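So the sequence lines, in the order shown, correspond to chains C and L. Residue 95 in numbering that gives the first Met the number 0 sits at position 96 of the first sequence, with consecutive numbering throughout. Residue 241 in numbering that gives the first Met the number 0 sits at position 242 of the second sequence, with consecutive numbering throughout. Read through the structure below, which is laid out as structure tokens, and then see the notes.
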Amino acid sequence: MRAYVSAFRMRWKMEAQYRGAVIGGFVCQMLFGLILVGLYRALYFSKPQPFPFGQVSTYVWLQQAFFRMLLASDGDLLDKIRTGSIAYDLCRPVHLYTYYYVRVMAQKLLGSLMRAAPMLVFAALLPPGWGLLPPAGPGAFLTALLGLLLGLLCVCALENITMACTMRTLDSRGMQAMMNLLMMVLSGNVLPLTLYPDSWQRVITALPYAQLLDAPIRLYTGQWLLSDAPRILLRQGAWALALIAAGRFFWHRNQKRLIVQGG
Amino acid sequence: MDTVKLYLRSMKMLLRSQMQYPASFLMQTLAQLVMEGGEFLAVILIVDRFESLNQWTAGNLFFFFGLMSVTFYLTECFGRGVTGAFPGMVRSGQLDTLLLRPRGVLTQVLCSAIDPRRITCIAVGVAALVIGCQMSPVHWTLLKALAFAESVLFGCMMLLGLFLIESVLCIHSVKSVELVNALTYGGRSACQYPIDIFPRPLRALFTMVAPFALVLHVPAAYILDKPLYGWPGFAAFLCPLSGAAVFGVMYLVFQRAMRFYRSTGS
Numbered sequence: 000m001r002a003y004v005s006a007f008r009m010r011w012k013m014e015a016q017y018r019g020a021v022i023g024g025f026v027c028q029m030l031f032g033l034i035l036v037g038l039y040r041a042l043y044f045s046k047p048q049p050f051p052f053g054q055v056s057t058y059v060w061l062q063q064a065f066f067r068m069l070l071a072s073d074g075d076l077l078d079k080i081r082t083g084s085i086a087y088d089l090c091r092p093v094h095l096y097t098y099y100y101v102r103v104m105a106q107k108l109l110g111s112l113m114r115a116a117p118m119l120v121f122a123a124l125l126p127p128g129w130g131l132l133p134p135a136g137p138g139a140f141l142t143a144l145l146g147l148l149l150g151l152l153c154v155c156a157l158e159n160i161t162m163a164c165t166m167r168t169l170d171s172r173g174m175q176a177m178m179n180l181l182m183m184v185l186s187g188n189v190l191p192l193t194l195y196p197d198s199w200q201r202v203i204t205a206l207p208y209a210q211l212l213d214a215p216i217r218l219y220t221g222q223w224l225l226s227d228a229p230r231i232l233l234r235q236g237a238w239a240l241a242l243i244a245a246g247r248f249f250w251h252r253n254q255k256r257l258i259v260q261g262g
Numbered sequence: 000m001d002t003v004k005l006y007l008r009s010m011k012m013l014l015r016s017q018m019q020y021p022a023s024f025l026m027q028t029l030a031q032l033v034m035e036g037g038e039f040l041a042v043i044l045i046v047d048r049f050e051s052l053n054q055w056t057a058g059n060l061f062f063f064f065g066l067m068s069v070t071f072y073l074t075e076c077f078g079r080g081v082t083g084a085f086p087g088m089v090r091s092g093q094l095d096t097l098l099l100r101p102r103g104v105l106t107q108v109l110c111s112a113i114d115p116r117r118i119t120c121i122a123v124g125v126a127a128l129v130i131g132c133q134m135s136p137v138h139w140t141l142l143k144a145l146a147f148a149e150s151v152l153f154g155c156m157m158l159l160g161l162f163l164i165e166s167v168l169c170i171h172s173v174k175s176v177e178l179v180n181a182l183t184y185g186g187r188s189a190c191q192y193p194i195d196i197f198p199r200p201l202r203a204l205f206t207m208v209a210p211f212a213l214v215l216h217v218p219a220a221y222i223l224d225k226p227l228y229g230w231p232g233f234a235a236f237l238c239p240l241s242g243a244a245v246f247g248v249m250y251l252v253f254q255r256a257m258r259f260y261r262s263t264g265s
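Here it is in structure tokens:
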């Protein structure tokens, strides 16, 4: 257990080094957020929707703030697979899946927290109708936090499944790009899932991608009532367990037939 | 003419080398399709829910989206040297070798990379344009075709110019180059939609600083018979020239910056 904690802490410290990138990314994400809110405002102006606009702008800002949670991935591991130095990791007295799971978790958690904090402050200061609304209530806030944590577990598990595919093909770029893009579309980053057709909602919110950010955001804005919260959190938890189980299975199978690249 | 021949030859060479790994190439091309398809899906779903956007109908919105993707990804495909490869060249010192050869640096940079994977993105853009034209509907005339060609051509030049900012910053080794992405990729996401729906600060940014609106939206609105801000028809032919202006200015800045270039060594 201590080994995993220190792997997590090492990765955490490393991610904290990239403060310059955070500032550049911050301005970029800000502008993207403003563009999206501007677009949805114009759309709402042409044809109002049954739910208030504040929910949409809040959705956009929370998605932008935690964007890094979706996309950060462990570049070291990719290099190791390509060059064959993964062989050293096989010698370590740790469970390989868990080892990389906590590493990527540290990266995603700190990466998104560093970006989310200034962005959420900025978004909360924007004029009404543009910015971030406060949570629907203290209960909504707490369940949203819990949901975000479960979402983090899911996204790390998904990341490791992508990695498992990488181990088999070596050239990861195509596979990774595909998985990431699927994630952006289906997790509500490109278009809020709340704006997808109403007839799709049942299916799309049940997919694993909706558990990452969509579920906590809907809990935060109160679109999902507090009485629904246990069901939502249970679904997230179930997906997290299923994805971790699937990832471990793939990693275990890969480890048996792993070909170490050398030279 | 010699330069064009050189460019075409390099493109052919690079294409052949990329085709050496067909499986990887296919996979990455497919990934691009998912990306641009996802963006297009977002527009379709928006149209499904909201039906129209101010005076712009669904067909108009598809047309604007298509024009943007075709222009943007043509630039990324054929201008890969500037849009993607340049920072790496500076970092690795590969740029030094270009200084020794009897050709312009920018020509050689452009000749050094191509990104054929973008072909699927361009295809999605073309599909959006065709659907947009069918639905709007667009009555094509010779003048409109001319405005369209001008828009795409100068759009590519403008984008090259904007990406050159990043290259210049790279030469001066300024950190946080991501800031420039705000102009290029930000402009792409914003100007997939007609500019007049955005509030004034965003409109100013994408008209005056990065003239996406002048280069793409004024001609597009003319083609759709809904002139932007009620501007007269000749504006559709004059405004895109601003794209050439952006490129021209950035070309001069780039040449100046090259004088300050210091190799990273080894």
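All C-beta atoms in this analysis are idealised placements derived from N, C-alpha and C, irrespective of residue type, glycine included. No experiment lies behind these values; they were computed from the predicted model shown.
When DSSP reads this structure, residue 52 of chain L sits in a beta bridge with L/55. When Cβ-Cβ separations below 7 Å define contact, residue 44 of chain L makes contact with chain C. Listed along chain C is no residue with a C-beta nearer than 7 Å to that of residue 203 of chain L; the closest approach is about 13 Å. When C/226, C/165 and C/131 are compared, the shortest CA-CA separation from residue 76 of chain C is found for C/165. Between residue 56 of chain L and residue 135 of chain L the beta-carbon gap is near 7 Å, inside 8 Å, which marks them as a contact.
Interface with chain L (7 Å Cβ-Cβ cutoff): residue 77 of chain C is excluded. As the crow flies, the alpha-carbon of residue 9 of chain L is around 11 Å from that of residue 16 of chain L. Residue-level contact by beta carbon fails for residue 71 of chain L and chain C, as no gap is shorter than 7 Å. Judged by DSSP secondary structure, residue 212 of chain L falls outside any alpha helix (DSSP H); it is assigned neither H nor E. Distance from residue 83 of chain L to residue 114 of chain L at the Cβ level is roughly 7 Å; contact confirmed, criterion being Cβ atoms closer than 8 Å. Not a single CB atom of chain C sits nearer than 7 Å to the CB of residue 224 of chain L. Taking residue 132 of chain C as the centre and dropping the five residues before and after it, the same chain places the C-beta of 53, 54, 56, 57 and 220 closer than 8 Å to its C-beta, in chain order.
Secondary structure note for residue 175 of chain C: its alpha helix (DSSP H) is the uninterrupted segment 172-185.
For residue 107 of chain C, the enclosing alpha helix (DSSP H) has its first and last residue at 95-124. The three-state reading of DSSP puts residue 27 of chain C in helix, counting H, G and I together. Using a CB distance cut-off of 7 Å, residue 37 of chain L counts as an interface residue toward chain C. Remark: three or more beta-carbon pairs, one from each stretch, lie closer than 8 Å, so the region 62-77 of chain C and the region 96-108 of chain C are flagged as touching. In the three-state reduction of the DSSP assignment, residue 197 of chain C falls in the helix class, which pools H, G and I. Residue 84 of chain C: not part of any alpha helix (DSSP H); DSSP gives it neither H nor E. Taking 7 Å as the Cβ-Cβ cut-off, the region 177-190 of chain L approaches chain C at 177, 178, 180, 181, 185, 188 and 189, given in chain order. Along the region 37-88 of chain C, the beta strand (DSSP E) does not occur as any fully enclosed run of 3 or more residues. Going by DSSP, residue 253 of chain C is part of the alpha helix (DSSP H) stretching over 228-255. Annotated as distal: residue 113 of chain C and residue 259 of chain C, with beta-carbon spacing of 7 Å or more. Put simply, the backbone Cα of residue 192 of chain C is about 20 Å away from that of residue 148 of chain C. Listed along the chain, the chain C residues whose CB falls inside 7 Å of the CB of residue 50 of chain L are 46.
Chain C places no beta carbon closer than 7 Å to that of residue 208 of chain L, leaving this residue out of the contacts. Note on geometry: alpha-carbon atoms of residue 45 of chain C and residue 38 of chain L lie some 21 Å from one another. Taking a C-beta cut-off of 7 Å against chain L, the contacting residues of the region 189-213 of chain C are 189, 190, 194, 195 and 196, listed in chain order.
With 16 or more other Cβ atoms inside 10 Å of its own Cβ, residue 186 of chain C counts as buried. Interface criterion not met: the Cβ of residue 80 of chain C is under 7 Å from no Cβ in chain L. The region 198-216 of chain C and the region 139-159 of chain C touch, with three or more beta-carbon pairs separated by less than 8 Å. DSSP places residue 118 of chain L within a helical segment (H, G or I) once states are collapsed to three.
Of the residues C/0, C/139 and C/179, the one whose Cα lies closest to the Cα of residue 224 of chain C is C/139.
Ranked by how close their Cα comes to the Cα of residue 207 of chain L, the residues L/236, L/111, L/242 and L/23 have L/242 in first place.
Minimum Cα-Cα distance from residue 14 of chain C among the listed residues C/33, C/110 and C/36 corresponds to C/110.
The C-beta separation of residue 96 of chain C from residue 159 of chain C comes to about 7 Å, placing the pair in contact by the 8 Å criterion.
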